[in-house]
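Heads up: the structure comes next, in structure tokens.
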């Protein structure tokens with residue numbers, strides 16, 4: 001069964017304190033792994049797509065990496081505006097474009 | 112660029128009533144999706160559509176009906192609402208050949 005597990009469930013950081021969020025997955029043939037950001041009361045906002053092990057993507061203070069079993073979202077020198085829930089999702093081959101989401105990591109960055 | 116919109120944004124209805132949630136996208140994306148988001152369950156796929164007049168079930172389709180007569184619209188109907196359908200509903204879309212999905216702002220539905 002295809003599955004996505006994110007850890008930790010919640011993470012509190014001080015401004016400038018770098019850290020990483022983890023997304024472990026099991027899927028029968030990975031087509032893509034996706035990271036989203038979700039602010040309270042809003043829809044998920046697309047951040048990155050990773051397709052194969054070893055791939056990396058960066059955007060401002062965020063960097064996503066991918067291995068054959070997990071993905072990391074590294075946050076360098078975070079700011080309070082980075083506070084949000086970060087969602088990881090995978091798409092398996094031959095699954096009609098369906099995404100399977102993890103439960104998310106709620107990140108809080110204090111000034 | 113309006114993107115993807117949902118209406119209403121908030122809805123309160125009674126058990127047993129029929130309610131329709133609307134989703135509209137201006138990108139002419141082929142694929143459209145309906146998810147529900149609940150504490151403890153995350154985002155779960157209800158139904159999706161690969162093109163007009165083509166729909167398929169997701170993980171939690173029971174109690175829901177969809178249609179897609181036009182590419183840009185993908186309404187979700189709860190034929191007889193139950194309290195367990197209280198949730199936040201998100202519509203999403205993606206284009207053929209691309210894999211990332213883009214989400215609407217959501218509809219918060221409460222069934223009393």
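Chains as they are written, first to last, in the numbering used here: chain D, 1 to 111; chain Y, 112 to 223.
Glycine residues also receive a C-beta, built at the ideal position from the N, C-alpha and C atoms.
Computed from a predicted structure; not experimentally measured.
Simplified DSSP state of residue i, which is helix, strand or coil
i	result
residue 164 of chain Y	coil
residue 106 of chain D	strand
residue 149 of chain Y	strand
residue 45 of chain D	strand
residue 17 of chain D	coil
residue 60 of chain D	coil
residue 81 of chain D	helix
residue 95 of chain D	coil
residue 6 of chain D	strand
residue 221 of chain Y	strand
residue 210 of chain Y	coil
Opening and closing residue of the beta strand (DSSP E) in which residue i lies
i	result
residue 27 of chain D	Where residue 27 of chain D is concerned, there is no enclosing beta strand (DSSP E), given that its DSSP letter is neither H nor E.
residue 52 of chain D	Looking at the DSSP string, residue 52 of chain D is not in any beta strand (DSSP E), and its letter there is neither H nor E.
residue 139 of chain Y	Careful: residue 139 of chain Y lies outside any beta strand (DSSP E) and carries neither H nor E.
residue 92 of chain D	84 to 92
residue 121 of chain Y	121 to 124
residue 128 of chain Y	Careful: residue 128 of chain Y lies outside any beta strand (DSSP E) and carries neither H nor E.
residue 117 of chain Y	115 to 118
residue 70 of chain D	70 to 75
residue 67 of chain D	Run containing residue 67 of chain D: none; DSSP gives neither H nor E here.
Cβ distance (whole Å) where residue i is taken to contact residue j below 8 Å
i	j	result
residue 184 of chain Y	residue 135 of chain Y	6 Å
residue 146 of chain Y	residue 160 of chain Y	Not really, about 13 Å apart at Cβ, beyond 8 Å.
residue 247 of chain Y	residue 156 of chain Y	There is simply no residue 247 of chain Y to check, as chain Y begins at 112 and stops at 223 in what is shown.
residue 137 of chain Y	residue 114 of chain Y	6 Å
residue 84 of chain D	residue 37 of chain D	5 Å
**Contact list for the segment 83 to 105 of chain D against chain Y, Cβ threshold 9 Å** = 87, 89, 91, 96, 97, 98, 99, 100, 101, 102, 103 and 104
**Item:** Ranges of the beta strand (DSSP E) found wholly within the segment 163 to 208 of chain Y, counting only runs of at least 3
**Value:** 165 to 168, 175 to 177, 187 to 189 and 198 to 205
**Request:** Determine which residues of the segment 9 to 31 of chain D have a Cβ less than 8 Å from any Cβ of chain Y, and write them out in chain order.
**Result:** 31
**Prompt:** According to a CB-to-CB cut-off of less than 7 Å, which residues of the segment 194 to 206 of chain Y neighbour chain D?
**Reply:** 201 and 205
**Prompt:** According to a CB-to-CB cut-off of less than 7 Å, which residues of the segment 145 to 162 of chain Y neighbour chain D?
**Reply:** 153, 154, 156, 159 and 161
**Asked** Along the segment 35 to 56 of chain D, what residues have a CB closer than 7 Å to any CB found in chain Y?
**Response** 42, 43, 44, 46 and 49
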